[in-house]
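Numbering (UniProt numbering), first residue to last: 1 to 477. C-beta: ideal position from N, C-alpha, C; glycine also. Small disclaimer: the values here were computed from a predicted structure and weren't measured.
This is the structure we're talking about:
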């Protein structure tokens, strides 16, 4: 049966002396449906907000106030590695097989955990990088300096040591620290690839100036500015980019319909993109009392867009139903899923149907000491998935590629197809040449000569192939 899972992380000491909750546990793997349960745990972790990243093989958690990262193996269920870095880490995000890290010095680092290569940018932010987001082709970084930088992922990973790492553009509509970034096309290795690529990718940035801005990543254009009644703490986009969920410091949870009636985005929006929209304070989607739950530090929307999870400072994980909001009703009271006895700092859903991959990383390769040496001796460490034996010992039928790979030289099938294609081309040329009433043109003569040369090459290959077979038969006898 298909199950829906999510991962949560805590930060800080235990809130109470509850002996029923293990003190060393810092990361929890939960099963949300068909029935809620705690599937697994990982110990020794304290990850602040925006410092958790999950894929099908590993959990990456940056440690609070430290220049270190804990890597946990999901198949083995234990801590795999302790990875130190040159600077303190404030946020992490996955872009395929690359882990992107934001530092307190205002720079971003990219760690290829299958090769050990570490790429670092100059401190283009004048203050700490607080949040990261990725798309298929870009990395977005938000900072305490109120700016959002858009980086080209291909340029950052280029092997040229002389390449200068600079952002493609800067989004500077905010006037206070950026606290959250969300995109509709995350480039995690667990997510299926999107057909749109970078074209049409949306990004939402939330800042302490009580605004959320919806951006077009490809152009850097601000599509809509939302004015919030209180300062936002975290934000999450619906998987289809239909709605935006924002938690504010007054305990309210706001749900903004981006494509409602009337829509806020697109050509059918009644107002210009430069017009700011006020989010009403009198009718929030939900309210989590601060005295009972504390402010929300993280949000996550399920992959079917029906469930919203929020993690709170007093250790609670709440489940909100988005089905009534889609029907136009007010949000129902939340369901308390878990009490982790520490501030819940991160919540992330695991895709129920992860993308089929040809390789998987059984273990991470720690960052190399010198980037130049890593680029010079570039090696990729991964485990191949699937049947690669050509179908000889199993039920899998050998593909055409398998047969070509196992055949010395050009195989009989490939040669026959080449000869057939040449004969068909000759017949078409003779038919078209005979219908005109005149002699063959210069192009037709050249094509005829090329075909004869190709036939001669094929005959030579056939003869060489026969000689190889005869030598093999003689050596075996």
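**Item:** Distance CB(residue 146)-CB(residue 108) smaller than 8 Å
**Value:** The residue given as residue 146 occupies position 146 in the chain shown. The residue given as residue 108 occupies position 108 in the chain shown. No, the Cβ-Cβ distance between residue 146 and residue 108 is not below 8 Å.
**Message:** In the DSSP output, what is residue 257 paired with across the bridge?
**Reply:** Residue numbering aside, residue 257 sits at position 257 when the chain shown is read from its first letter. Looking at the DSSP output, residue 257 sits in a beta bridge with 243.
**Prompt:** Any idea what DSSP makes of residue 90, helix, strand or coil?
**Reply:** Here residue 90 corresponds to residue number 90 of the chain shown, with the count starting at 1. Note: residue 90 maps to strand in three-state DSSP.
**Prompt:** Can you name the residues that DSSP bridges to residue 336?
**Reply:** Locating residue 336 in the chain shown gives position 336, where the first residue counts as 1. Beta-bridge pairing links residue 336 to 318.
**Prompt:** If you compare alpha carbons, which of 115, 36, 183, 218 is closest to residue 245?
**Reply:** One-based indexing of the chain shown puts residue 245 at position 245. For the residues 115, 36, 183, 218, the minimum Cα distance to residue 245 belongs to 183.
**Message:** My output table needs one value for residue 36: the three-state DSSP class, helix, strand or coil.
**Reply:** Position 36 of the chain shown, counted from the first residue, corresponds to residue 36. Coil at residue 36, not helix or strand.
**Asked** Cβ of residue 338 within 8 Å of Cβ of residue 30?
**Response** As a first step, residue 338 is located in the chain shown; it is residue number 338 there, counting from the start. As a first step, residue 30 is located in the chain shown; it is residue number 30 there, counting from the start. With contacts defined as CB atoms closer than 8 Å, residue 338 and residue 30 qualify as a contacting pair.
**Assigned exposure category for residue 70 - 16 Cβ within 10 Å defines buried** = If you number the chain shown from 1, residue 70 lands on position 70. Per the 10 Å Cβ criterion, buried.
**Item:** Contact under 8 Å by Cβ, residue 504 with residue 317
**Value:** This structure gives no information on residue 504, because the portion of the chain shown stretches from 1 to 477.
**Prompt:** Using the C-alpha atoms, what's the distance from residue 166 back to residue 393?
**Reply:** Your numbering for residue 393 matches position 393 in the chain shown. Your numbering for residue 166 matches position 166 in the chain shown. Bear in mind that the predicted position of residue 393 carries a pLDDT of just 47, short of 50, making it unreliable; the figure below should be weighed with that in mind. Residue 393 and residue 166: Cα-Cα distance of roughly 52 Å.
**Sequence-distant residues of its chain with Cβ nearer than 6 Å to residue 364 (five each side left out)** = Position 364 of the chain shown, counted from the start, is the residue given in the question as residue 364. Same-chain partners within the cutoff: 71, 81, 113.
**Item:** Identified DSSP bridge partners for residue 61
**Value:** Residue mapping note: residue 61 aligns to position 61 of the chain shown, counting from 1. The partner list for residue 61 (beta bridge, DSSP) reads 52, 70.
**Request:** Check whether the Cβ atoms of residue 178 and residue 154 lie closer than 8 Å to each other.
**Result:** One-based indexing of the chain shown puts residue 178 at position 178. One-based indexing of the chain shown puts residue 154 at position 154. Contact flag unset, no.
**Message:** On the CB-based measure, 16 or more other CB atoms within 10 Å of its CB, does residue 284 come out buried or exposed?
**Reply:** In the chain shown, counting from the first residue as 1, residue 284 sits at position 284. That one is buried.
**Prompt:** In the structure shown, what three-state DSSP assignment does residue 400 receive?
**Reply:** As a position in the chain shown, residue 400 is number 400, starting the count at 1. Residue state, collapsed to three classes: helix.
**Request:** Within its chain, find whatever has a CB closer than 7 Å to the CB of residue 491; leave out the 5 residues flanking it on each side and keep chain order.
**Result:** The shown model of the chain, from 1 to 477, leaves out residue 491, and the question about it has no answer.
**Spatially closest choice to residue 149 from 241, 288, 216, 443, by CA coordinates** = The count along the chain shown starts at 1 and reaches residue 149 at position 149. For the residues 241, 288, 216, 443, the minimum Cα distance to residue 149 belongs to 216.
**Prompt:** Got a sec: is the Cβ-Cβ distance from residue 161 to anything in chain B below 8 Å?
**Reply:** Annotation note: the requested chain B is absent from the structure, which comprises a single protein chain.
**Prompt:** Which same chain residues, not among the five before or five after residue 39, have their C-beta less than 8 Å away from its C-beta?
**Reply:** Position 39 of the chain shown holds residue 39. Excluding sequence neighbours, residue 39 sits near 5, 29, 30, 31.
**Prompt:** Do you know whose CA, among 446, 366, 459, lies nearest residue 85's CA?
**Reply:** Working through the chain shown from its first residue, we reach residue 85 at position 85. Closest by alpha carbon: 366.
**Item:** Three CB pairs or more closer than 8 Å across the segment 288-307 and the segment 258-277
**Value:** Short answer: they don't touch.
**Prompt:** Using the C-alpha atoms, what's the distance from residue 211 back to residue 276?
**Reply:** To locate residue 276, count along the chain shown from 1; it is residue 276. To locate residue 211, count along the chain shown from 1; it is residue 211. Answer to the nearest angstrom: the Cα atoms are 9 Å apart.
**Message:** Quick check on residue 292: does DSSP put it in helix, strand or coil?
**Reply:** Mapped onto the chain shown, residue 292 falls at position 292. Of the three classes helix, strand and coil, the one that applies to residue 292 here is coil, per DSSP.
**Item:** Buried versus exposed call for residue 349 [16 or more other C-beta atoms within 10 Å across all chains shown]
**Value:** Here residue 349 refers to the residue found at position 349 of the chain shown. Result: buried.
**Message:** Just verifying my parser: in three-state terms, what is the DSSP assignment at residue 506?
**Reply:** Here the chain comprises residues numbered 1 to 477, so residue 506 is not present and cannot be evaluated.
**Request:** Identify, in the order they occur along the chain, each residue of the same chain with its Cβ nearer than 7 Å to the Cβ of residue 220, setting aside the five sequence neighbours on each side.
**Result:** Taking the first residue of the chain shown as position 1, residue 220 is located at position 220. Closer than 7 Å at Cβ, skipping near neighbours: 150, 169, 171.
**Item:** Extent of the continuous alpha helix (DSSP H) run through residue 154
**Value:** As a first step, residue 154 is located in the chain shown; it is residue number 154 there, counting from the start. From DSSP, the alpha helix (DSSP H) with residue 154 extends over 153-156.
**Prompt:** Just how far apart, CA to CA, sit residue 458 and residue 382?
**Reply:** The count along the chain shown starts at 1 and reaches residue 458 at position 458. The count along the chain shown starts at 1 and reaches residue 382 at position 382. Those two C-alpha atoms are separated by around 39 Å.
**Request:** Report buried or exposed for residue 100, applying the criterion of at least 16 other Cβ atoms within 10 angstroms of its Cβ.
**Result:** In the chain shown, counting from the first residue as 1, residue 100 sits at position 100. It counts as buried.
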